[in-house]
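Protein chains in written order, with this note's numbering: chain R, 9 to 122; chain V, 47 to 159. No residue lacks a Cβ here, since even glycine has one placed at the ideal position from N, Cα and C. Right, one structure below, let's go through it.
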């Protein structure tokens, strides 16, 4: 089956810990994205990558880091510098980055800070 | 600040009725418009996209775009209880050379039997 997978589904973090969220896609898409969703709010872009070994900050990149060493993988690390990390994290991909490229989402990871 | 506005709802409609979901956007340069459906606790699922002024129909769904008024809507005909979800409007425009999607906060739709 082609698609986007995210793991884990639920993640609990203690104060001061870094945690890494996994995102893998087998759609052969060039572009990948990380969004954060808080209750009652729209999705906000954290980071995006248009091609392997390249990524750019989105609107709320502070306290997060990413890597794009392989086309199919785009992991997100939530560092201890992120002051309010409890949220629903969504990974997406699209065939390219031109205007008419639809973005498709993975199932999400729900992160809770204890 | 580029914005996408949606009424948060809930929009309550009886089964079999037409549900009308509306979205306005601030960036006149926006080129592409998307509707996603999100069930509670799940990720967004793309259901429609529209690029040109006018209507686009796909099954029970019709997307309507009016760029002059900066307005996009989604009509759901013969609404079913399974359509109960939050509907996210997303607007695309070029920013720094890439396809940036701006999302509205969503409208919650409740279809009652």
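task: Compare the C-beta of residue 51 of chain R against all C-beta atoms of chain V and say whether one is closer than 8 Å.
output: Chain V has a Cβ within less than 8 Å of the Cβ of residue 51 of chain R.
field: beta strand (DSSP E) segments (min. 3 residues) lying fully within the segment 67-119 of chain R
entry: Within the segment 67-119 of chain R, the complete beta strand (DSSP E) runs of at least 3 residues are 72-74, 84-86, 95-102.
- prompt: Taking the Cβ atom as the reference point for each residue, do residue 134 of chain V and residue 105 of chain V lie within a distance shorter than 8 Å?
  reply: In this structure, the beta-carbon distance from residue 134 of chain V to residue 105 of chain V does not fall below 8 Å.
field: Residue nearest to residue 54 of chain R in terms of C-alpha spacing, selected from R:104, R:11, R:22, R:93
entry: Nearest of R:104, R:11, R:22, R:93 to residue 54 of chain R, Cα basis: R:93.
- prompt: What three-state label does DSSP hand residue 62 of chain R in the structure shown?
  reply: Strand.
Chain-ordered neighbours of residue 111 of chain R on chain V, where CB pairs are closer than 7 Å: Listed by position along chain V, the residues whose Cβ is nearer than 7 Å to that of residue 111 of chain R are 147.
task: Answer with yes or no whether the minimum CB distance from residue 114 of chain R to chain V is below 8 Å.
output: So, interface residue.
- request: Grab me the residues of residue 96 of chain R's own chain with a C-beta within less than 7 Å of its C-beta, minus the 5 sequence neighbours each way, in chain order.
  value: For residue 96 of chain R, where only same-chain residues beyond five positions count, the Cβ hits under 7 Å are 45, 116, 118.
query: Excluding the five sequence neighbours on either side, which residues of its own chain have a C-beta within less than 6 Å of the C-beta of residue 96 of chain V, listed in chain order?
result: Excluding positions up to five away in sequence, the list reads 79, 102, 109, 111.
task: For residue 60 of chain V, name the three-state secondary structure that DSSP assigns.
output: The answer is strand: DSSP assigns residue 60 of chain V an E or B state.
message: Could you pull the DSSP bridge partners for residue 56 of chain R from this structure?
response: As DSSP reads the structure, residue 56 of chain R sits in a beta bridge with R:41, R:64.
- prompt: Residues of chain R with CB under 7 Å from residue 16 of chain V, in chain order?
  reply: Within the shown structure, residues of chain V are numbered from 47 to 159, placing residue 16 of chain V beyond reach of any answer.
- prompt: Under the three-state reduction of DSSP, which class applies to residue 101 of chain V: helix, strand or coil?
  reply: In the three-state reduction of the DSSP assignment, residue 101 of chain V falls in the strand class.
message: Quick check: is the beta carbon of residue 90 of chain V nearer than 8 Å to any beta carbon in chain R?
response: Chain R, which has a Cβ nearer than 8 Å to the Cβ of residue 90 of chain V, makes this yes.
task: For residue 18 of chain R, write down the residues that DSSP places opposite it in a beta bridge.
output: Note: residue 18 of chain R sits in a beta bridge opposite R:118.
- prompt: Exposed or buried, residue 146 of chain V, counting other C-beta atoms within 10 Å across all chains shown (16 or more means buried)?
  reply: It is buried - the Cβ of residue 146 of chain V has at least 16 other Cβ atoms within 10 Å.
- prompt: According to DSSP, is residue 119 of chain V helix, strand or coil?
  reply: The answer is strand: DSSP assigns residue 119 of chain V an E or B state.
field: For residue 88 of chain V and residue 158 of chain V, the rounded distance between their alpha carbons
entry: So the alpha carbons of these two residues sit roughly 21 Å apart.
message: Using C-beta distances below 8 Å, list every residue in its chain close to residue 60 of chain R, excluding the 5 sequence neighbours before and after it, in chain order.
response: Cβ-Cβ distances below 8 Å link residue 60 of chain R to 76, 77, 78, 79 in the same chain, with the five nearest sequence neighbours on each side left out; the list follows chain order.
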